[in-house]
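Heads up, the thing below is written out as structure tokens.
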Amino acid sequence: MRIAFIGLGNMGAPMARNLINAGHRLQVVDVNTGALEQLAAQGAQIAATPGQAAAENELVITMLPAARHVREVYFGESGVLAGIRAGTLAVDCSTIDPTTVREVAAAAAKAGVDLADAPVSGGTGGAAAGTLTFMVGGSAEAFAQLQPVLAQMGRNIVHCGEVGTGQIAKICNNLLLGISMIGVAEAMALGHALGIDTQVLAGIINSSTGRCWSSDTYNPWPGVIDTAPASRGYTGGFGAQLMLKDLGLATEAARQAQQPVVLGAVAQQLYQAMSLRGEGGLDFSAIINAYRRFE
Ligand code: NAD
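The opening residue of the sequence shown carries number 8 in the numbering used here; numbering runs sequentially from there.
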């Protein structure tokens with residue numbers, strides 16, 4: 008398939024690489040020339056603008072940081088919608104708010120383009136290994152066409168419903184994840200302060216009713232889980248800044264829906280304070296530092 012891939016960052020670059028390895032012909036766009044050159048060295052062609060890439064390919068994939076970048080890439084003067092031909096398929100894999108996705112999809116529909124949202128989970132490791140989960144919001148037809156291509160970058164490809172529902176699934180999951188990590192941090196730090204061995208405590212939690220992913224796979228206490236970021240100085244995981252962004256999306260969506268997110272709002276404040284302390288680049292499980300005594 009001929010694919011335009013726009014946004015070659017920590018996630019986009021390994022995803023694009025997997026598509027090249029699967030035999031697709033890629034045209035790539037990024038504002039970072041270093042990222043473009045790396046993909047070109049792996050066999051991709053460089054397109055001048057998103058509009059040009061959209062015009063010359065059958066599928067457009069975007070993987071951008073936030074809503075404003077997605078708007079710029081689709082609505083800009085030489086953006087995707089300025090060049091795209093009717094009948095082309097488009098999928099935005101960025102994590103953004105459902106409202107923006109629906110706006111972009113409505114504009115795309117006017118140009119005869121079926122656009123789906125497909126945010127991912129699985130992190131940079133999953134992107135490199137091709138084991139991402141894709142949460143797809145879009146028409147049944149778009150899903151049927153996208154499924155085989157997404158399956159070359161991921162393992163779980165789930166149709167969540169109409170356009171925007173992929174983002175809804177993603178932000179609700181990350182709302183829960185942000186909260187559950189704080190819960191585990193609070194319990195582990197309290198146990199330590201009261202004098203129980205943290206390995207013993209984690210073992211009890213992980214075979215009891217407090218068990219959750221934040222505890223049994225990604226425990227924030229150093230050394231409890233060898234493969235967790237906590238055991239390597241909170242590096243190389245899911246940055247607190249990204250968690251903060253996702254909690255912002257959740258609380259804003261909740262505001263629009265007039266829905267309470269009490270714990271989500273508190274969690275957002277805690278990650279905000281973490282960012283202020285200069286720890287936004289650490290894995291989000293370093294939130295436990297807010298509960299630990301450092302002599
Ligand atoms: P990133 O910042 O590493 O990459 C974004 C890329 O987009 C960069 O290469 C940047 O130069 C490019 N870009 C920005 N504006 C552009 C424009 N106008 N035109 C062309 N290119 C442009 O971000 P990432 O870590 O790859 O994340 C991408 C998305 O995936 C985000 O929405 C993020 O929330 C989500 N996500 C990230 C992770 C993760 O672990 N990193 C996990 C799941 C989901």
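For glycine and all other residues, C-beta sits at the position ideal for the given N, C-alpha and C.
Under 7 Å from any heavy atom of ligand 1, does the C-beta of residue i make it?
i       : result
Glu-79  : yes
Pro-72  : yes
Val-269 : no
Ser-128 : yes
Asp-37  : yes
Asn-17  : yes
Gly-144 : no
Ile-13  : yes
Leu-182 : no
Ala-29  : no
Phe-245 : yes
His-76  : yes
Ala-42  : yes
Ser-222 : no
Ser-292 : no
Lys-117 : no
Thr-234 : no
Ser-214 : no
Ser-85  : no
Leu-254 : no
Thr-102 : yes
Thr-131 : yes
Leu-33  : no
Leu-249 : yes
By a C-beta neighbour count over all protein chains shown, 10 Å radius and 16 as the cutoff for buried, is residue i buried or exposed?
i       : result
Trp-228 : buried
Ala-115 : buried
Gly-243 : exposed
Phe-141 : buried
Ala-11  : buried
Asp-99  : buried
Ile-211 : exposed
Glu-286 : buried
Phe-301 : exposed
Pro-267 : exposed
Gly-50  : exposed
Ala-247 : buried
Pro-105 : buried
Asp-233 : exposed
Asp-204 : exposed
Thr-40  : exposed
Gln-152 : buried
Lys-177 : buried
Ser-292 : buried
Run through DSSP, which three-state label would residue i get?
i       : result
Met-250 : helix
Ala-125 : coil
Ile-27  : helix
Asn-163 : strand
Met-70  : coil
Gln-154 : helix
Thr-140 : strand
Ile-10  : strand
Gly-168 : strand
Ile-103 : coil
Leu-184 : helix
Met-18  : coil
Ile-189 : helix
Arg-130 : Here residue 130 is Gly; the residue named in the question, Arg, does not match the sequence. Three-state result, Gly-130: helix.
Gly-202 : coil
Arg-299 : coil
Ala-112 : helix
Val-120 : coil
Gly-145 : coil
(request) Enumerate, from N- to C-terminal direction, the unbroken alpha helix (DSSP H) stretches of 4 or more residues contained entirely within the region 212 to 294. (result) 220 to 223, 247 to 264 and 269 to 281
Could you pull out every unbroken beta strand (DSSP E) segment of at least 3 residues lying fully inside the region 26 to 101, listed in chain order?
32 to 36, 66 to 69 and 96 to 99
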